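Heads up: the structure comes next, in structure tokens.
2 protein chains.
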Amino acid sequence: MTEISAKKQRIYQEAARLFQDRGYAATSMRAIAGAVDLEVSSLYSHIRSKEELLQEICFRTAGQFMDAMQAIRRKWDNPVRQLEEIIRFHTRLALQDPTSATVFSDEWKHLGPEEVKSFVSMRRNYEQQFLEILVQGQRAGLIRDLPRHWIMHTIISGLAWLYRTQHPVPPDEQEHLIQTLLAMNLHGIIKSQNV
Amino acid sequence: MTEISAKKQRIYQEAARLFQDRGYAATSMRAIAGAVDLEVSSLYSHIRSKEELLQEICFRTAGQFMDAMQAIRRKWDNPVRQLEEIIRFHTRLALQDPTSATVFSDEWKHLGPEEVKSFVSMRRNYEQQFLEILVQGQRAGLIRDLPRHWIMHTIISGLAWLYRTQHPVPPDEQEHLIQTLLAMNLHGIIKSQNV
DNA sequence: GTCTATAACTTGATAGAC
DNA sequence: GTCTATCAAGTTATAGAC
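If you read the protein sequences in the order shown, they are chains V and C.
So for the first sequence, the working numbering puts the first residue at 117; every next one is plus one.
So for the second sequence, the working numbering puts the first residue at 117; every next one is plus one.
What follows is the structure in structure tokens.
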């Protein structure tokens, strides 16, 4: 039972917002303290260090992606459907918690050497599973025989604007957005289908 | 005729590499000085400040994108061909100078307030021109009637992995990569064309 | 142009009173 | 848990000798 005090949660939340806006390295403990109306030294009653804040955000979000990937592969066996669900998950997470998504995506390099190793290893695992889905889709003749690494990076990277740009899509447009993203990634944007 | 000494160029180059690896805020003048085998104070014989280094990289790359956009719109009038050329340019620049592309894309927020304003204004101009191409393509019935902002962000964001990931694609694979990116963006990855 | 020395300031983190 | 006070180290940048 890990009890997390309300104040501790507040600190994590404000830190994440500052990391998103200014980046980890440009965010001082004084800035975080100011955001939660405390003196710097008081922060250390709740957290061990600045880096601990970054670790929590990065690995919590990494865990969410790993869990989603595993759940999707268990629930469906059609690789195209699995891809659809992955795009769905990325989209929902990006819209629901763009702050954590940005910090997870852009600030992990400021983790300590050990943590970077662990983080990169998790990401490699995630990408490996993504590639396996593409292999299955290509073997089944459902997905074009394009280089899988390029497909994967283009899809994942193509979703990153959802958290990086300021415009949060309102909740009632979320399903429309997802349908559009699926259409673009799966069928492209060209009308005439003379391929 | 602005003459740029070899040493000054070396400083810019090493600074860009360090900004790419560690981020602007986490890169010290000492690190830059060390990379070019000088003492910190000697740097100031060649440059005015740390931020000047960032400014040069960001605005030089921004200028390249603006120039390319203008040249493409002058040279072709088919909007789909214009999109193709834009994707081509992004790809070539990302492979040829991934360091500048990364700093341009990720570190502009550390510019001073005035420079940020100018930078964002250039980007808005670029995006406006991109959207106009999509409008023309949709009016001509060539491009699907999907929300144009979402199309634009997905395409641009989907190319960002080209400079963010470590794997530089070897020069002899560049044309294959471009063809694949065009195929994915324009026609998607799904084989069956029952749309 | 490059150096040593240093100014002026900010950084993350700690000690100890309350 | 929160504070004041403080530390040691690091930051960008400058002054002035050579």
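All residues carry an ideal CB built from backbone N, CA and C; glycine is no exception.
On a predicted model such as this, the values are computed, not experimentally measured, just so you know.
Three-state class that DSSP yields for residue i in the structure shown
i, result
"residue 272 of chain V", "helix"
"residue 259 of chain V", "strand"
"residue 312 of chain V", "This structure does not reach residue 312 of chain V, given that chain V is present from 117 up to 311, and the question cannot be answered."
"residue 122 of chain V", "helix"
"residue 297 of chain V", "helix"
"residue 223 of chain V", "coil"
"residue 139 of chain C", "coil"
"residue 286 of chain C", "coil"
"residue 216 of chain C", "helix"
"residue 206 of chain V", "helix"
"residue 193 of chain C", "coil"
"residue 311 of chain V", "Note on residue 311 of chain V: pLDDT 46, under 50, position unreliable in the model; the coordinate value appears next. The answer is coil: DSSP assigns residue 311 of chain V none of H, G, I, E or B."
"residue 127 of chain C", "helix"
"residue 183 of chain C", "helix"
"residue 292 of chain V", "helix"
"residue 163 of chain V", "coil"
"residue 281 of chain V", "coil"
"residue 333 of chain C", "The question about residue 333 of chain C has no answer here: the residues shown for chain C are numbered 117 through 311."
Alpha-carbon to alpha-carbon, residue j and residue i
i, j, result
"residue 286 of chain C", "residue 295 of chain C", "15 Å"
"residue 153 of chain C", "residue 133 of chain V", "38 Å"
"residue 303 of chain C", "residue 300 of chain V", "8 Å"
"residue 216 of chain C", "residue 119 of chain V", "45 Å"
"residue 143 of chain V", "residue 135 of chain V", "6 Å"
"residue 278 of chain C", "residue 280 of chain V", "17 Å"
"residue 162 of chain V", "residue 273 of chain C", "38 Å"
"residue 183 of chain C", "residue 213 of chain V", "36 Å"
"residue 137 of chain C", "residue 167 of chain C", "17 Å"
"residue 259 of chain V", "residue 267 of chain V", "10 Å"
"residue 298 of chain C", "residue 200 of chain C", "7 Å"
"residue 237 of chain C", "residue 129 of chain C", "26 Å"
"residue 193 of chain V", "residue 205 of chain V", "17 Å"
"residue 311 of chain C", "residue 271 of chain C", "With a pLDDT of 46 at residue 311 of chain C, under the threshold of 50, the modelled position of this residue cannot be trusted; read the value that follows with caution. So the alpha carbons of these two residues sit roughly 21 Å apart."
"residue 229 of chain C", "residue 222 of chain C", "16 Å"
"residue 211 of chain V", "residue 159 of chain C", "44 Å"
"residue 146 of chain V", "residue 157 of chain V", "9 Å"
"residue 186 of chain V", "residue 269 of chain V", "19 Å"
"residue 291 of chain V", "residue 282 of chain C", "34 Å"
"residue 127 of chain V", "residue 232 of chain V", "23 Å"
"residue 255 of chain V", "residue 197 of chain V", "15 Å"
"residue 239 of chain V", "residue 179 of chain V", "10 Å"
"residue 165 of chain C", "residue 165 of chain V", "31 Å"
"residue 191 of chain C", "residue 257 of chain C", "21 Å"
"residue 307 of chain V", "residue 155 of chain C", "59 Å"
"residue 289 of chain C", "residue 225 of chain V", "29 Å"
"residue 284 of chain C", "residue 218 of chain C", "13 Å"
"residue 202 of chain V", "residue 202 of chain C", "28 Å"
Residue i and residue j closer than 8 Å at C-beta
i, j, result
"residue 175 of chain C", "residue 242 of chain C", "no"
"residue 148 of chain V", "residue 122 of chain V", "no"
"residue 112 of chain V", "residue 209 of chain V", "Since the first residue shown for chain V is 117 and the last is 311, residue 112 of chain V is missing from the structure and cannot be characterised."
"residue 220 of chain V", "residue 173 of chain V", "yes"
"residue 150 of chain C", "residue 141 of chain V", "no"
"residue 244 of chain V", "residue 189 of chain V", "no"
"residue 247 of chain V", "residue 264 of chain V", "yes"
"residue 195 of chain V", "residue 252 of chain V", "yes"
"residue 262 of chain V", "residue 249 of chain C", "no"
"residue 293 of chain C", "residue 177 of chain C", "no"
beta-carbon residue i near the ligand PLP non-hydrogen atom, thresh 7 Å
i, result
"residue 280 of chain V", "Although the ligand PLP was asked about, the structure shown includes no ligands whatsoever."
#### Entry: Ranges of the alpha helix (DSSP H) found wholly within the stretch 225-255 of chain V, counting only runs of at least 4
When DSSP assignments are scanned along the stretch 225-255 of chain V, the uninterrupted stretches of alpha helix (DSSP H) that are 4 or more residues long and fall wholly within it turn out to be 229-255.
### Task
Taking a Cβ distance cut-off of 7 Å, strictly less, list which residues of the stretch 122-141 of chain C are near chain V, in chain order.
Residues passing the 7 Å Cβ filter: 139 and 141.
### Message
Please list, in chain order, the residues of the stretch 183-215 of chain C that have any C-beta partner in chain V closer than 9 Å.
### Response
The stretch 183-215 of chain C vs chain V, Cβ under 9 Å: 196 and 199.
#### Entry: Residues in the stretch 261-272 of chain C having any Cβ partner in chain V nearer than 7 Å
The stretch 261-272 of chain C vs chain V, Cβ under 7 Å: 262, 263, 266, 267, 269 and 270.
#### Entry: Residues of the stretch 160-181 of chain V whose Cβ lies closer than 8 Å to any Cβ of chain C, in chain order
For the stretch 160-181 of chain V, which is checked against every Cβ of chain C, not one residue is closer than 8 Å.
### Task
May I ask you to list, following chain order, the residues of the stretch 214-232 of chain V that have a beta carbon less than 9 Å from some beta carbon of chain C?
Near chain C, meaning a CB-to-CB distance below 9 Å, the residues of the stretch 214-232 of chain V are 222, 223, 225 and 226.
#### Entry: Residues in the stretch 241-260 of chain C having any Cβ partner in chain V nearer than 8 Å
Within the stretch 241-260 of chain C, the residues whose Cβ lies closer than 8 Å to some Cβ of chain V are 257, 258, 259 and 260, listed in chain order.
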